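Written below as structure tokens is the structure these notes are about.
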Amino acid sequence: MKKILYTASECTPFIKTGGLADVIGSLPQALVNEEQADVRVILPKYGTIPAKWHEQMTEIASFPVQIGWRNQGAKLFKLKHDGITFYFIENHHYFERQGVYGYYDDGERFVFYSMAVMESLKYLDFTPEILHAHDWQAGLTVAFANILQPIKGMKTVFTIHNIKYQGMLQFEAFDDLFILPREHFAGFEWNGMINCMKSGIFHADKITTVSPSYAEEIKDPYYGEGLDSLLRERAGDLSGIINGINTDDYNPMKDPHIHANYQTSRAKKKENKKALQEAIGLPVNGDVPVYIAISRFVEQKGFHLVEHILHDFLQNDVQVVILGTGEYEFESSFSWFAQNFSDKMATLLKFDEGLARQLYAAADFFIMPSKFEPCGLSQLISLQYKTVPIVRETGGLKDTVHAFNEFDGTGNGFSFENYNAHELLQQMEYSLKIYHDPKQWQTLLKNVNKSKFSWKDSATAYARLYDELTPAKTKGE
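The sequence shown runs 1 to 477 under the UniProt record's numbering.
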């Protein structure tokens, strides 16, 4: 069984700011459950990790980490959870803070983490054959592993979860923070800066991203965020593997947050709809179609399009519920609509996981018209809760949601190609037409019910990638 070490900055259930944590919490579990690999995970030991996890950690080593002229101390802890071994690197100066990111020295913090991972390898109770790093915060672990060779023959994989965030440091950081000869400078520099994302792409043996379409898109200047030329150079080593979701966790049959548990029953969906309407103050009506959006309010998620079409769409007999927080423009705009269309729209300016589950369970449609979307988990969750997604054809949305065709009965949602408000409105109006056509609606729901996105298939694809890097030894080798 292959021995894989995952390096990442967050992981459920310990610390989470976004979808990266869900991936790191679920993919190793799937690989181990399917006996595809022995996967272990090494993370920063943040002070904000809940105390119950700190109490379960065992210290296994203490060692110095050289960061330029600085000699920082590190401690290595170990914890086993759900059959997976997790390691945590402690340093109070860098990680004993509120929150995870957003500090002026984030670059230095993750240089330290990456160097500490290299030092940790000699204290682990297994020898990884492959180091698999995730996103910019761990990109330097790939570079350091490639250059320093802490384990002879260890291969590397780098996964891009969102190329927009690259981890940029002033170019002086190479001499100030790295203990490397200047001949390696070019592998870290990009446009006059030290770029942690670039360093992972440049040094990794294999590069993956979180959907096949996104792997193609980021080779184009529009989506590549300045790194497209490097990705085109490395196209032969780049592949896209779609994310899954934890179908035990996101399971409407046993979700404790929702009013009525169900598998595919629309009657139970209506019960959830009525309970939600009553709870948030909308007219209680099980037959009115409910459209939801659950997200951070940022441009990437397509909220400029939603903002432009709401007035027209709310002329219909519909209800719209938006849950989230973010940029002031969107919070203000959606609050205005909720005040002026109080019988048709509710804006909930917060994020509450239990409430999000209630929305998924109650709604008929889920709106996700992203400007770009590496993979997206929300549309997968909506399908799991038998809620029809309406998406823009980009990245993982394109790979997981297929436009409903009323003539041949195929498709599990609604989609549009261009980043254009009129195209979004057209698809939302079309979804309303299908909702009121019982025969077509039933056909669409059957397709939704067949949509499955567990981690099992993704784990198999990653296992094949690992086999390519380190082929199984034959007898006598």
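Heads up, the beta-carbon is just placed ideally off N, CA and C, and yes, glycines get one too.
Because the structure is a prediction, the values reported are computed rather than measured.
Pair within 8 angstroms by beta-carbon distance, L169 and I194: The sequence position of residue 169 within the sequence shown is 169, counting from 1. The sequence position of residue 194 within the sequence shown is 194, counting from 1. Result yes, Cβ atoms of L169 and I194 sit closer than 8 angstroms.
Inter-residue Cα distance where the pair is E406 and G139: Position 406 of the sequence shown holds residue 406. Position 139 of the sequence shown holds residue 139. Taking the straight line joining both Cα atoms gives about 45 angstroms.
At least three beta-carbon pairs within less than 8 angstroms, the stretch 201-218 to the stretch 145-165: yes
Selected residue, minimal CA-CA separation from G409, among Q440, V391, L323: Walking along the sequence shown from the start, residue 409 turns up at place 409. Out of Q440, V391, L323, Q440 has the C-alpha closest to the C-alpha of G409.
N195, enclosing beta strand (DSSP E) - first and last residue: Along the sequence shown, read from residue 1 onward, the residue named residue 195 stands at position 195. Residues 193-195.
G226 versus M197, I207, G244, residue with shortest Cα-Cα distance: Residue mapping note: residue 226 aligns to position 226 of the sequence shown, counting from 1. The shortest C-alpha separation from G226 is found at M197.
Alpha-carbon to alpha-carbon, G354 and H257: Along the sequence shown, one-based indexing puts residue 257 at 257. Along the sequence shown, one-based indexing puts residue 354 at 354. Going from the Cα of H257 to the Cα of G354 covers about 5 angstroms.
Expected contact under 8 angstroms - CB spacing of L230 and L238 to nearest Å: Here residue 230 refers to the residue found at position 230 of the sequence shown. Here residue 238 refers to the residue found at position 238 of the sequence shown. Not quite, the Cβ-Cβ distance comes to about 10 angstroms (not below 8 angstroms), so this is no contact.
Residue from F313, L5, V23 with nearest C-alpha to T247: Residue numbering aside, residue 247 sits at position 247 when the sequence shown is read from its first letter. Nearest to T247 by C-alpha distance, out of F313, L5, V23, is V23.
Inter-residue Cα distance where the pair is Q66 and N91: As a working mapping, residue 66 is identified with position 66 in the sequence shown. As a working mapping, residue 91 is identified with position 91 in the sequence shown. Between Q66 and N91, the C-alpha separation is close to 13 angstroms.
Boundaries (first-last residue) of the beta strand (DSSP E) holding D38: Here residue 38 corresponds to residue number 38 of the sequence shown, with the count starting at 1. Segment 37-44, the beta strand (DSSP E) holding D38.
Complete runs of the alpha helix (DSSP H) confined to the stretch 70-130 [at least 4 residues]: You should have 92-95, 106-120.
As assigned by DSSP and simplified to three states, the class of H54: As a first step, residue 54 must be located in the sequence shown, where it is residue number 54. Helix.
Segment contact flag, the stretch 389-404 with the stretch 259-266, C-beta cutoff 8 angstroms, min 3 pairs: no
R232, DSSP secondary structure in three states: Position 232 of the sequence shown, counted from the start, is the residue given in the question as residue 232. In this structure, R232 counts as helix in the three-state DSSP scheme.
Nearest-angstrom beta carbon gap, K2 and E129 [assumed within contact, 8 angstroms]: Within the sequence shown, numbered from 1, the residue matching residue 129 stands at position 129. Within the sequence shown, numbered from 1, the residue matching residue 2 stands at position 2. With a Cβ gap of about 6 angstroms, E129 and K2 count as contacting.
Beta-bridge partners of A293, as assigned by DSSP: Counted from its first residue, the sequence shown places residue 293 at position 293. Residue pairing by DSSP places A293 opposite I322 in a beta bridge.
Beta-carbon proximity of S213 to G396, cut-off 8 angstroms: As a first step, residue 213 must be located in the sequence shown, where it is residue number 213. As a first step, residue 396 must be located in the sequence shown, where it is residue number 396. In contact: S213 and G396 (Cβ atoms closer than 8 angstroms).
C-alpha distance - E477 paired with T470, whole-angstrom precision: In the sequence shown, counting from the first residue as 1, residue 477 sits at position 477. In the sequence shown, counting from the first residue as 1, residue 470 sits at position 470. Any reading at E477 needs caution, since the residue's pLDDT is 45, under 50, leaving its predicted position unreliable; the model's value is listed next. Roughly 13 angstroms separates the two Cα atoms.
C-alpha distance - N162 paired with D220, whole-angstrom precision: Here residue 162 is taken as the residue at index 162 of the sequence shown, counted from 1. Here residue 220 is taken as the residue at index 220 of the sequence shown, counted from 1. Between N162 and D220, the C-alpha separation is close to 15 angstroms.
L377 and P289 closer than 8 angstroms at C-beta: Within the sequence shown, numbered from 1, the residue matching residue 377 stands at position 377. Within the sequence shown, numbered from 1, the residue matching residue 289 stands at position 289. Result no, Cβ atoms of L377 and P289 do not sit closer than 8 angstroms.
Option in Q315, F185, Y462 with minimal Cα separation from G29: One-based indexing of the sequence shown puts residue 29 at position 29. Sequence inspection shows Gln at residue 29; the Gly mentioned does not correspond to that position. Measuring from the Cα of Q29, the nearest candidate turns out to be Y462.
Spatially closest choice to Q358 from E417, G192, I294, T443, by CA coordinates: In the sequence shown, counting from the first residue as 1, residue 358 sits at position 358. The candidate whose alpha carbon is nearest that of Q358 is I294.
With 16 other Cβ atoms within 10 Å as the buried cut-off, status of K452: One-based indexing of the sequence shown puts residue 452 at position 452. Flag for K452 reads exposed.
8 angstroms contact criterion, which I89 and Y113 should meet: CB distance rounded: By 1-based counting over the sequence shown, the position of residue 89 is 89. By 1-based counting over the sequence shown, the position of residue 113 is 113. The Cβ separation is near 6 angstroms, so the contact holds.
Counted within 10 angstroms of its Cβ, other Cβ atoms place F86 as buried (16 or more) or exposed: Looking up residue 86 in the sequence shown gives position 86. The residue is buried, with at least 16 neighbouring Cβ atoms inside 10 Å.
Proximal residues to M57 (C-beta, below 8 angstroms), its chain only, five neighbours per side dropped: Here the question's residue 57 lines up with position 57 in the sequence shown. Cβ neighbours of M57 within its own chain (closer than 8 angstroms, five residues either side excluded): K45, F77, K78, L79, F88.
Rounded separation between A61 and E183 - CA only: Mapped onto the sequence shown, residue 61 falls at position 61. Mapped onto the sequence shown, residue 183 falls at position 183. So the alpha carbons of these two residues sit roughly 32 angstroms apart.
Exposed unless 16 or more other CB atoms sit within 10 angstroms - verdict on K475: For the purposes of this step, residue 475 is taken as the residue at position 475 of the sequence shown. Bear in mind that a pLDDT of 42 at K475, under 50, signals an unreliable position, so the number given afterwards is only what the model happens to contain. Exposed, because fewer than 16 other Cβ atoms sit within 10 Å of the Cβ of K475.
Cβ neighbour criterion (16 or more within 10 Å) applied to G324: Here residue 324 refers to the residue found at position 324 of the sequence shown. Under this definition G324 is a buried residue.
CA-to-CA distance, M345 to F337, given in whole angstroms: Numbered from 1 along the sequence shown, position 337 holds the residue referred to as residue 337. Numbered from 1 along the sequence shown, position 345 holds the residue referred to as residue 345. Using only the alpha carbons, I get a separation of about 7 angstroms.
Contact set for V320: own chain, Cβ-Cβ below 6 angstroms, skip 5 residues either direction: Looking up residue 320 in the sequence shown gives position 320. Excluding positions up to five away in sequence, the list reads Y291, M345.
Nearest neighbour of Q445, chosen from Y104, S458, H402 [CA to CA]: Numbered from its first residue, the sequence shown carries residue 445 at position 445. Per the sequence shown, residue 445 should be read as Leu rather than Gln. Ranking Y104, S458, H402 by Cα distance to L445 puts H402 first.
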